[in-house]
Structure formats: structure tokens, C-alpha cells
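Residues 1 to 246 (the UniProt record's numbering) make up the sequence shown, in order.
The beta-carbon is built from N, C-alpha and C at its ideal position, and this holds for glycine as well.
The structure displayed is predicted, hence computed values, not measured ones.
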Amino acid sequence: MESAESGFVRTETARIHFMTFGNPEATPIVVLHGNGEDIGTLDAQITAFAADHWVIAIDSRGHGKSSAGDLPWDFALFARDVVAVLDETGVRSADYFGYSDGGNTVLQLIVQHPQRVRCAVVVGANLDPSGLHPWTLATMVVQRAVLGVVAKRLPCVRRTVARLSLMVDHPQIDPVDLRRRQIPVLVMAGERDVIRAAHTGLIATSLPKGRALIMSGAGHDVPMTHAKQCAQASLDFFTTKECYAR
Numbered sequence: 001m002e003s004a005e006s007g008f009v010r011t012e013t014a015r016i017h018f019m020t021f022g023n024p025e026a027t028p029i030v031v032l033h034g035n036g037e038d039i040g041t042l043d044a045q046i047t048a049f050a051a052d053h054w055v056i057a058i059d060s061r062g063h064g065k066s067s068a069g070d071l072p073w074d075f076a077l078f079a080r081d082v083v084a085v086l087d088e089t090g091v092r093s094a095d096y097f098g099y100s101d102g103g104n105t106v107l108q109l110i111v112q113h114p115q116r117v118r119c120a121v122v123v124g125a126n127l128d129p130s131g132l133h134p135w136t137l138a139t140m141v142v143q144r145a146v147l148g149v150v151a152k153r154l155p156c157v158r159r160t161v162a163r164l165s166l167m168v169d170h171p172q173i174d175p176v177d178l179r180r181r182q183i184p185v186l187v188m189a190g191e192r193d194v195i196r197a198a199h200t201g202l203i204a205t206s207l208p209k210g211r212a213l214i215m216s217g218a219g220h221d222v223p224m225t226h227a228k229q230c231a232q233a234s235l236d237f238f239t240t241k242e243c244y245a246r
């Protein structure tokens, strides 16, 4: 997989890294990875999408080659980082594939920057921490508490604490705000996801043009364990009449 471009954009105290793949004249798809990952995590989806689209893959703030910046992390900030990359690449509106925290960023974009979103697929996303299974959330809370103590003596651990805080304290998206957005969204999750099935359903039903897809036999890491099915379902959705009508 060859990159057509690798670049950086400076925004709100951080330096955000992005890569592009495919034909710049084709429909753009923005690809956003999950917590603790980087662009390479979604290689399978990037390769599949780049055959007929222009893919813009972004390392989230504090992940991959992107710097952390000095501001407190939340998904509103991450969404503004994406907008900065769109502005840098000259893209007014795009399709999106967001996995886990990347999906949360897409939902935040839909709420705050709807004019930049044509169509979207979110995988394993949540509106708030209550969307996680209780045991998963409790485990993260304990991890953050323990590592928070360690971070006082070992500054190198602070970024891990910040990443955990993204999942423990965020996102905070009101489903009422999604009801105002006429954007087609495929809400995908695994049958054994760490996101509660009812919560995935809530996201889909809160979006006037939302639909849910539960991947049979999958856990949270759908794009990795079910890469071909995930990519094909996304491409099929991006080519629906609803998406093309926008």
C-alpha cells in the first residue's frame, strides 16, 4: 500500500499527522483509528477503500506520529483536529470510517460539524461511558486510578492515563443532538462487543438516517478480525442511494 502523501497540520498546540491513499479526484473517505492505535491499525480498510476512493487517514492527537499538544483531550478537540486536516487537504465534505474512539470522533463531527460529513460508518462507537459493559468500564476506572499514581513519579505514563480518561470520562454526546442530523450513518458493532448492544441500537435509532449492523461472532475489534466483511459492508453503504444523494 503506497501513500500518495504524508503530511502534518498544526492546530491547537498539536501537530497532527495524516496520510493519503488512492486517487485525489475520487470521493474522499476519512479513516480514524481507535484508542492507543495509529493509522496502520486499519490497513485492511484503507487498502479496500483506496481502490476507488481517496483515503485520508489520520493519527489522532497523541497517537502514532501526532503530538499530544497541551490541551485536555476530548472528542470535540479531536473533531476539530479532523476539520484542520480537511482544510489542509482542501476537502469540504467527506465520507468517514471511524473505529472505536475514531467512531466517537465521527459522531462528534456529525453533531458539531455536520457540513463536513456526507456519509459515515462507525464501528464500536459510544455516546458516553455508560455505553460500555459495566465490567469493561470498571476495569478502565481501576487502571486509570493505579496508573494515575504511577504517573506522578513516571511522566512517561501520563499519556496512557490521558488515553484511559478518554474512555472513562468521554464522550458526552446527547442522542437528542443526533436526531437533528440528516446524515446517513451505518452503526456497526460486534456480537460480543464491549459496547452494549442496546447502546449501539440507541445510536442507530437516534440518527434519522441511521441503521445498525451487528457482526456475527465478532468482538470489539471488528475491523481486524472481520476485515473483509467490515470493509465490504462499509463500501456497500457508501454506495447506497442515500449517500450518493447528498
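Next on the checklist: Taking the alpha-carbon of G210 as reference, which of P223, F238 and F49 has the nearest alpha-carbon?
Outcome noted: Residue F238 is the option with its Cα nearest to G210.
Next on the checklist: Rounded to the nearest angstrom, what separates V194 and Q108 at their Cα positions?
Outcome noted: Put simply, the backbone Cα of V194 is about 20 Å away from that of Q108.
Item to check | Validate contact between the stretch 7-25 and the stretch 50-60 using beta carbons, cut 8 Å, 3 pairs | outcome: By the Cβ rule, the stretch 7-25 counts as touching the stretch 50-60, because three or more pairs are nearer than 8 Å.
Checklist entry - Start and end of the alpha helix (DSSP H) containing W135? => result First-last of the alpha helix (DSSP H) with W135: P134 to A151.
Next on the checklist: According to DSSP, is S234 part of a helix, a strand, or is it coil?
Outcome noted: In this structure, DSSP gives S234 a helical state, which the three-state scheme calls helix.
Next on the checklist: Please classify S66 as buried or exposed, where buried requires at least 16 other C-beta atoms within 10 Å of its C-beta.
Outcome noted: A residue is called buried once 16 or more other Cβ atoms fall within 10 Å of its Cβ, and S66 is buried on that count.
Checklist entry - Could you give the distance in angstroms between the alpha-carbon of G148 and the alpha-carbon of D236? => result Between G148 and D236, the alpha-carbon positions lie close to 43 Å from each other.
Checklist entry - Taking buried to mean at least 16 other C-beta atoms within 10 Å of its own C-beta, is V82 buried or exposed? => result With 16 or more other Cβ atoms inside 10 Å of its own Cβ, V82 counts as buried.
Checklist entry - Roughly how many angstroms lie between the CA atoms of Q182 and P208, to the nearest whole one? => result Cα to Cα, the separation comes out at about 6 Å.
Next on the checklist: At 4 residues or longer, what runs of the alpha helix (DSSP H) sit wholly inside the stretch 170-219?
Outcome noted: As summarised for the stretch 170-219, the continuous alpha helix (DSSP H) elements at least 4 residues long and confined to that stretch are 175-178 and 197-206, given in chain order.
Next on the checklist: Please state the DSSP three-state secondary structure of A48.
Outcome noted: The answer is helix: DSSP assigns A48 an H, G or I state.
Checklist entry - Using CA coordinates, which residue listed in G34, L154, V122 and R92 is at the minimum distance from R163? => result Taking only the C-alpha atoms, the option nearest R163 is G34.
Checklist entry - Under three-state DSSP, which class holds L166? => result DSSP places L166 in helix when its eight states are reduced to three.
Item to check | For G22, the three-state DSSP class (helix, strand or coil) | outcome: DSSP places G22 in strand when its eight states are reduced to three.
Item to check | Backbone CA spacing between residue 255 and N126 [nearest angstrom] | outcome: The first residue shown for the chain is 1 and the last is 246, placing residue 255 beyond what the model contains.
Checklist entry - Based on Cα-Cα distance, which residue from R192, H199, V9 and A120 lies nearest to G90? => result The residue with the shortest Cα to Cα distance from G90 is V9.
Next on the checklist: Considering Cα atoms alone, identify which of V168, A48 and R80 is closest to N23.
Outcome noted: For the residues V168, A48 and R80, the minimum Cα distance to N23 belongs to A48.
Next on the checklist: Here's the rule I'm using: 16 or more other beta-carbon atoms within 10 Å means buried, otherwise exposed. How should T11 be labelled?
Outcome noted: By the neighbour-count rule (16 or more Cβ atoms within 10 Å), T11 is buried.
Checklist entry - To the nearest angstrom, how far is it from the Cα of R180 to the Cα of A51? => result The straight-line gap from Cα to Cα measures roughly 33 Å.
Item to check | Opposing strand residues paired with C119 [DSSP bridges] | outcome: Note: C119 sits in a beta bridge opposite D95.
Item to check | V123 vs C243 beta-carbon contact at 8 Å | outcome: Cβ distance not < 8 Å, so V123 and C243 don't count as in contact.
Next on the checklist: Just to confirm my understanding: we take V157, look at its own chain, exclude 5 residues before and 5 after, and list those with CB closer than 8 Å. What are they?
Outcome noted: So the qualifying residues of the chain are L147, V150 and A151.
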